[in-house]
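Scroll down for the structure; my scribbles are underneath it.
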Amino acid sequence: DKKYTQFNIPTAHALMLSNKDSITRVYYGDLYTDDGQYMEKKSPYHDAIDALLRARIKYVAGGQDMKVTYMGVPREADKWSYNGILTSVRYGTGANEATDEGTAETRTQGMAVIASNNPNLKLNEWDKLQVNMGAAHKNQYYRPVLLTTKDGISRYLTDEEVPQSLWKKTDANGILTFDMNDIAGYSNVQVSGYLAVWVPVGAKADQDARTTASKKKNASGQVYESSAALDSQLIYEGFSNFQDFATRDDQYTNKVIAKNVNLFKEWGVTSFELPPQYVSSQDGTFLDSIIQNGYAFEDRYDMAMSKNNKYGSLKDLLNALRALHSVNIQAIA
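Numbers in my numbering are just positions in the sequence shown, counted from 1, shifted up by 468.
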């Protein structure tokens, strides 16, 4: 009866979704379980990833600094002991370096991710983790989006949800300081080690730190050129090959996708990767033809024109495409 899962999924997403010069592809199976109907059963990581997706829209922008600081070991110990704490900081639009003063827009943007994969991490009294949020954020209050506890991860979607006792203030140089009372290793379903995500207090509810793509031809001639606009893209692989077969018409994946496009928009999804719209051969000679996911050797890519596939009818697919396009989400296969 044991159930196995991947390792530190919320931590991985915290780092990916806040990273510069990259486009994250979020996987359905990290948000929802394979067993059960489509989007029916949330994974243990759902709420943390949901909070990260929403926070990415509001806060993730500008320059980045990432480093590892070694703490929780005797002064004379080898610094490469298993006690590294990784910090990743985004400064906000208008601040590419920690020394940049930025603008009023910068002030309520930016994010700090603090992570460790050591469940036995214990800081010493003299250990002080100093996280440089940048000159644009000096003398400013920060609050957690995610905070590890012995029971899992506490998440806070708004400033109002956070007790002010948890707020922290940067110093005159924009430094947030953490000590043994703030950081420790934990072992629970959601975290093995430590994870915290911090953002500035005071952002408007509809703040959007993303950058709109330009229609101007780039000078390099490359198909893709690293930019804030490219970083603002987000791919969602919105299916699992092992999902249960629908037992009712309204459970078909494509039908459920169409009903949830506003949620995907709230997550910041710009490209939705659909399941393979093959009609299964159902010959049972290969795993993919047993679970009818559309990837078997003899499957036919007719988009459910001959009959329903595992994900619904041709009409269901067309309705899903129209719904995604209605909220400006690209559909990809």
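Ideal Cβ placement from N, Cα and C applies to all residues, glycine included. Since the structure is predicted, the reported quantities are computational estimates derived from the model, not experimental observations.
Practice item. Select from Leu785, Ala681, Asp770 and Thr576 the residue whose C-alpha is nearest the C-alpha of glycine 670. Key: Thr576
Exercise for review: Could you tell me if the beta carbon of glutamine 719 falls within a distance shorter than 7 angstroms of some heavy atom in the ligand ADP?
Suggested key: No copy of the ligand ADP occurs in the structure displayed, which carries no ligand at all.
Check your understanding: Can you tell me whether DSSP reads arginine 716 as helix, strand or coil?
Key -> coil
Point to revise | CA nearest to the CA of proline 512, picked from Gln474, Lys488 and Ile491 | key: Gln474
Review point. Going by alpha carbons, who is nearest to threonine 617 out of Ser655, Thr567, Asn641 and Ser633?
Key: Ser655
Review point. Among Trp735, Phe710, Tyr720 and Gln598, which residue has its Cα nearest to the Cα of aspartate 503?
Key: Phe710
Review point. Which residues bound the alpha helix (DSSP H) around methionine 534?
Key: Not the alpha helix (DSSP H): methionine 534 falls in the beta strand (DSSP E), residues 532 to 538.
Point to revise | Endpoints, the beta strand (DSSP E) within which glutamate 705 is located | key: 702 to 705
Check your understanding: DSSP beta-bridge partners for phenylalanine 646?
Key -> Leu597
Point to revise | Sequence-distant residues of the same chain with beta carbon closer than 8 angstroms to glycine 803, five excluded per side | key: The chain is shown from 469 up to 801; residue 803 falls before or after that span and cannot be answered.
Check your understanding: So, using beta-carbon positions, are tyrosine 779 and threonine 721 closer together than 8 angstroms?
Key -> yes
Practice item. With 8 angstroms as the threshold, decide whether the Cβ of threonine 571 is near any Cβ in chain D. Key: Annotation note: the requested chain D is absent from the structure, which comprises a single protein chain.
Point to revise | Residues near glycine 540 in its chain [Cβ-Cβ closer than 7 angstroms; skip 5 each side] | key: Asn551, Leu589, Lys590, Leu591, Asn592 and Asp595
Practice item. Could you pull out every residue in the same chain whose Cβ sits closer than 7 angstroms to the Cβ of isoleucine 477, ignoring the five residues on either side in sequence? Key: Asp498 and Tyr513
Point to revise | Sheet register partners of phenylalanine 740 (DSSP bridge) | key: Tyr704 and Ala799
Practice item. Please list, in chain order, all residues of the same chain as threonine 501 whose beta carbon is under 6 angstroms from its beta carbon, the five residues on each side excluded. Key: Lys509 and Ser511
Review point. Should arginine 456 and isoleucine 797 be called a contact, given that it needs their Cβ atoms to be closer than 8 angstroms?
Key: This structure cannot settle anything about residue 456, because the visible part of the chain is limited to 469 through 801.
Review point. How long is the line joining the alpha carbons of valine 724 and histidine 793, rounded to whole angstroms?
Key: 15 angstroms
Review point. Of all the options Tyr495, Tyr506 and Val528, which has the alpha carbon lying nearest to the alpha carbon of valine 665?
Key: Val528
Practice item. Give the secondary structure of asparagine 551 by DSSP, where H, G and I count as helix, E and B as strand, and everything else as coil. Key: coil
Practice item. Locate the beta strand (DSSP E) running through methionine 579, then write down its first and last residues. Key: 579 to 584
Check your understanding: What does tryptophan 735 pair with, by DSSP beta-bridge criteria?
Key -> Partner(s): none; tryptophan 735 has no beta bridge.
Review point. Within the chosen definition, does the region 630 to 645 reach the region 608 to 616 through at least 3 CB pairs nearer than 8 angstroms?
Key: yes
Exercise for review: Between the Cα of tyrosine 538 and those of Gln532, Ile553 and Ser688, spot the shortest distance and give me the residue it belongs to.
Suggested key: Ile553
Review point. Alpha carbon to alpha carbon, what distance is there between serine 781 and serine 622?
Key: 40 angstroms
**Study point:** As assigned by DSSP and simplified to three states, the class of arginine 575
**Key:** helix
**Study point:** Euclidean distance between Cα positions of methionine 601 and asparagine 487
**Key:** 15 angstroms
**Study point:** Coil, strand or helix - lysine 783 by DSSP
**Key:** helix
Review point. Which value, in whole angstroms, describes the spacing of the CA atoms of leucine 625 and threonine 679?
Key: 22 angstroms
Exercise for review: Specify the secondary structure class of arginine 678 as computed by DSSP and reduced to three states.
Suggested key: coil
Review point. What are the boundary residues of the beta strand (DSSP E) that glycine 689 is part of?
Key: Note, glycine 689: premise wrong, no beta strand (DSSP E); not H, not E.
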